[in-house]
Amino acid sequence: MKLLPHQVEAVDGILRALQEPVDGTMPPQGLRAQVVSATGSGKTLMAVEAARRLKARRVLVLVPTLDLLLQTAAAWRAGGRGGAMIGVCSLSAADSQGMSCTTSDVELRLWLRDLDQVTVFATYASLGLRTLQRAHAAGVGVWDLVVVDEAHRTSGDAGKPWAAVHDQQQVPAWRRLYMTATPRVWEAGGVTPGMVASMDRDSAVFGPVAFELKLSEAIRRGIVAPYQVVCVEIEDEELYQAVQDAPLGTDPVRGARLAALQTGLLTAAADEKLRRILTFHSRVFEAEAMAAGVPAVAEQLHADDPGRFPAPDRVWAQWLYGEHAPGHRQAVLREFASDFLSRERGRDVRAAVRVLASVKVLGEGVDTARCDAVAFMDTRGSMVDIVQMVGRALRIRPGEGKLATLVVPIFMRPGENPSEMLTSEAYSSLGKLLSALRAHDTETIEALADPRVRSGSWNSKDEPFEAGEAAADSDVVEGQDEDSDDAERAEALPVVSGAAAQLLRFSRPRDPALLAQFIQLRILDPEKAYWRRGIAACLQYLKETGTEELKAPYRYVTPEDWAPAGFPLGVWLADQRKAYNAETLPAERVRQLDALSMVWNAHDHAFEEGLAVAQAWAEEHGHLLAPVSAVSAGGFPIGVWLKNQRAAARTAVEAAAAHEQGQSVPPGG
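Heads up, the final residue of the sequence shown is numbered 862 in the numbering used here, and it's a clean run with no missing numbers.
Here it is, written out as structure tokens:
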């Protein structure tokens, strides 16, 4: 099988990293290397060719799931790997596609005894059950090469069962090749650093990175599909009422939420012309219910608007989870990939939409190149899990011009304003997805922080633009000069393609400046919710009060009908002033608040305000003998202010007199 250019680069890098030392002496821990390459870039074929070039006769390949084991074994055979193939897993003869499988260390040792060239495919579970370790203890020899697929699964606590693959005593090997699209870097924290297996670039456990292909580069080179994020905004009165009437997690809430999800998903499919959608869930019953309910929802939508929605007999839905038999899972995946729905009497109907719901079974490695969209029904997994799910839609077939769609539901309160997205919990899933994508496609996601990306103020669709100039502080200012020469802004973001403008899409139009604020505050600079809520409260305060300067009484709390409601804005502003005076407030935060005309010295500002009111009072009344109860037309307590100034003046005079006489300043002076 012919390698693509990036795969040739990868194999060359692997050979350099795993070449035998000049003196012919292998290190005690063997040679190790990492390949970090975008999902769908063909890492399996890289490993097959590396094994051939290294002349590895005895190869062990470790994978996390049974489905991936079968797929990987088939790929190794298709890639030209000869010799015997054995599975160390629980697959039955009916499900193993002709490969001999065992869970017995004794049987494994006997099978390997007389084989010159052999490839063993094992699940990580075989490490947890110590099948491989017992086989080695009983005399199974050293592996020429161990390939660890989805290697991020073996990072972290060095004491967990799967970490045995790193141990030369438990699983001896001359060479180890760790492969992943999503490396995990860990800090030791309170434990001994040696007890943490971290995928650093020069890790002693995983070895150096022999080849790296980031997601953004893979997209640029046409190795994987470009993507768009489609936000399905769901404003469902029934769901909102269910949440008000019953606790979260109860059947009424789950039912209302699921119905809203099904409707939103099929609506997005119709509008975006999506044909094959994988939906990811964290609970088995939700995946099953999603698939079960789609036909009825499809029927209702078609009845309401037949011109927009396909006939229900052209809509297919199924679900999968880890306990389904491998044969069943393979059959469902074949159906999912098919263009037609088989009907009775030999009549085939072209499928309009296929929905496949899953729970922790399709997230890693499984080939889903026919999938054109993934939908995140919740984002409870880790950042790595999310990127792995995204990868299901990014895989492409040779010559395919595909745009992958990532669907994110956003549950809004009835009447919720899109301008509340800076602090609204409804956008948490979107924030988590974009944060996960940023780790692997930095340039594209960070470019969204520039409002020009979405306002259309760059020259052309394909012309690069400098994304950094406005991103640093466009998150709070409308009408700010986007061509500023401020050097601090220029280094914020790299040059990217204007194609980023189409990456993030909503059901309803969004202000480009607001989207830039969202990306900057919730993705690029993920501060605690308190800071984000403070900025949002400031914006709302300026809007509602009409004031041009940002100041509020210390005890001021935002009203219940504001977003955010009940926020202690006065205390928050006082905290920012305190940090500013102590020179501990970050420069970026100072810029953000300056852009909102923050009053940094409340006392000086209060005096200037009082002085202006006093001058107006004197002009109107001809004197400053205002009674203590006097209040200006604007509501300023001028009487109290004048009383306080006289008291302060007397104190100052007394202090000066005491100082002249060599006395200490009186208490309170």
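Glycine residues also receive a C-beta, built at the ideal position from the N, C-alpha and C atoms. None of these values were measured; they are calculated from a predicted model.
Which whole-angstrom value describes the C-beta separation of residue i and residue j, a residue pair presumed to lie in contact below a C-beta threshold of 8 Å?
i	j	result
F711	L786	That pair is no contact at about 18 Å.
G457	V425	4 Å
P519	D260	6 Å
S880	W304	The structure shown does not extend to residue 880, since the chain is modelled only from 194 to 862, so the question has no answer here.
E783	I589	According to the sequence shown, residue 783 is Val rather than Glu. Actually they are not in contact, since the Cβ atoms of V783 and I589 sit about 46 Å apart, beyond 8 Å.
R703	P611	6 Å
A367	L224	The sequence given here has Trp at residue 367, not Ala. Their Cβ separation, rounded to whole angstroms, is 7 Å, which keeps W367 and L224 in contact under 8 Å.
G739	W765	In fact, because the Cβ distance is near 20 Å, the residues do not count as touching under 8 Å.
D532	A544	6 Å
Under the rule that 16 or more other beta-carbon atoms within 10 Å means buried, what is residue i, buried or exposed?
i	result
G178	With the chain covering 194 to 862 only, the question about residue 178 has no answer from this structure.
L596	exposed
R547	buried
E343	buried
H816	exposed
Q434	exposed
M219	exposed
V423	buried
V846	exposed
V201	exposed
A842	exposed
A524	exposed
T777	exposed
T232	buried
F478	exposed
V490	buried
E742	exposed
A660	Any reading at A660 must be qualified, since the residue scores a pLDDT of 33, below 50, and its modelled position is unreliable; the value itself is stated next. Answer is buried; the Cβ neighbour count reaches 16.
G235	buried
Q733	buried
H329	buried
L818	exposed
K248	exposed
A780	exposed
Q310	exposed
Taking the C-alpha atoms as reference points, what is the distance between residue i and residue j?
i	j	result
L408	N794	47 Å
A496	P503	10 Å
P488	W755	40 Å
R933	V333	A question about residue 933 goes unanswered here, because the residues of the chain that appear run from 194 up to 862.
A208	P221	Residue identity check: residue 208 is Leu in the sequence provided, not Ala. If you take the alpha carbons of L208 and P221, they lie about 19 Å apart.
K195	A271	11 Å
Q511	F604	24 Å
V241	V313	13 Å
V688	V402	Residue confidence is low: V688 scores 36 on pLDDT, short of 50, so the model does not pin down where it sits. Its coordinate-derived value is still stated next. Approximately 26 Å, taken between the alpha carbons.
V345	D565	A quick correction: the sequence has His, not Val, at residue 345. If I take the Cα positions, the gap works out to 25 Å.
L255	T572	27 Å
R748	W724	18 Å
T324	P365	14 Å
R606	Y620	12 Å
A484	G759	41 Å
S700	P761	33 Å
H521	S297	25 Å
K736	S535	59 Å
L451	G486	8 Å
G832	K744	22 Å
M513	V554	It should be pointed out that residue 513 corresponds to Leu in this sequence rather than to Met. Approximately 7 Å between the Cα atoms of the pair.
Q421	T347	31 Å
A268	I427	42 Å
A203	G321	31 Å
S622	R839	57 Å
L708	N774	31 Å
L459	E593	24 Å
DSSP has residue i in a bridge; who is on the other side?
i	result
M791	L743
A550	T472 and W512
S396	G400
A566	I470 and T598
S293	I279
F533	R543
V227	For the sequence presented, residue 227 should be read as Gln rather than Val. The partner list for Q227 (beta bridge, DSSP) reads Y371 and V402.
L778	None; L778 has no bridge partner.
E426	I603
With a threshold of 7 Å between beta carbons, is residue i in contact with chain B?
i	result
V580	This model lacks chain B altogether, as it is built from one protein chain only.
At a threshold of 6 Å, does residue i count as lining the ligand NAD (C-beta to nearest heavy atom)?
i	result
L262	Among the ligands in the structure shown, none appear at all, so the ligand NAD cannot be discussed.
> For the stretch 295-326, which segments carrying the alpha helix (DSSP H) assignment without a break, of at least 4 residues, lie completely within its bounds, in sequence order?
Replying inline: 298-305 and 318-321
>> Could you tell me which whole alpha helix (DSSP H) segments of length 4 or greater appear in the stretch 705-732?
In response: 705-712
> Mind pulling the beta strand (DSSP E) runs of 3 or more residues that sit fully within the stretch 585-637?
Replying inline: 597-604
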